[in-house]
Amino acid sequence: MRLLLDEHLSPVVAEQLRARGHDVITAAEAGVNGVDDAQALSWAVAARRAVVTNNVRDFRILHAGYLTGGRSHYGIVLVPTSRYRLDREHLGPLISALDELLCARRADDALCDTEHFL
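In structure tokens, the structure reads:
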């Protein structure tokens, strides 16, 4: 599985996951920093990437819209801030959880058309 990290997640997460051999890029690297969520998800679909975001509310709405509209995406990984801290000093648990997910689900379409709460 390949990931696109939403703009609110630290690039350190991508760096650490790449160091573990995973294909992960940030919104800035993809050129979608600052675009609306629908555009970011559309870019991820075209690139065959799941989106990792802490924007649970908006991406759940987008997910529902894709399903009801008969469109597919490569997965949305939701990072609840009630469980994970996103400040640079506390990224270890998030990085570990994403590493475990990526190791367990290697296929590009492993999360196809699903939401996955970390």
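In terms of this note's numbering, the sequence shown opens at residue 28 and continues consecutively.
Virtual Cβ for every residue (Gly too), placed ideally from N, Cα, C.
Using DSSP with H/G/I as helix, E/B as strand and the rest coil, what is residue i?
| i | result |
| --- | --- |
| T141 | coil |
| L121 | helix |
| V62 | coil |
| S69 | helix |
| Y93 | helix |
Can you tell me which residues form a DSSP beta bridge with residue i?
| i | result |
| --- | --- |
| I103 | V78 and E142 |
| T53 | L32 |
Just tell me which of the options has its CA closest to the CA of residue i.
| i | options | result |
| --- | --- | --- |
| D33 | R110, L44, I52 and Q43 | I52 |
| L121 | P107, R132, A134 and R133 | P107 |
| V39 | A65, A77 and L118 | L118 |
| A124 | L31, H35 and L44 | L44 |
| V104 | V79, R132 and L36 | V79 |
Within a Cβ cutoff of 6 Å, which residues of the same chain sit near residue i, ignoring the five residues on either side of it in sequence?
| i | result |
| --- | --- |
| A230 | Examination of residue 230 is not possible in this model, given that the chain is present from 28 through 145 alone. |
Would the stretch 134-145 and the stretch 56-64 be scored as touching if the rule is three or more Cβ pairs under 8 Å?
no
Do the stretch 112-121 and the stretch 69-76 meet, that is, are 3 or more Cβ pairs less than 8 Å apart?
no
At a cut of 8 Å, does the stretch 87-98 reach the stretch 117-131 through at least three beta carbon pairs?
no
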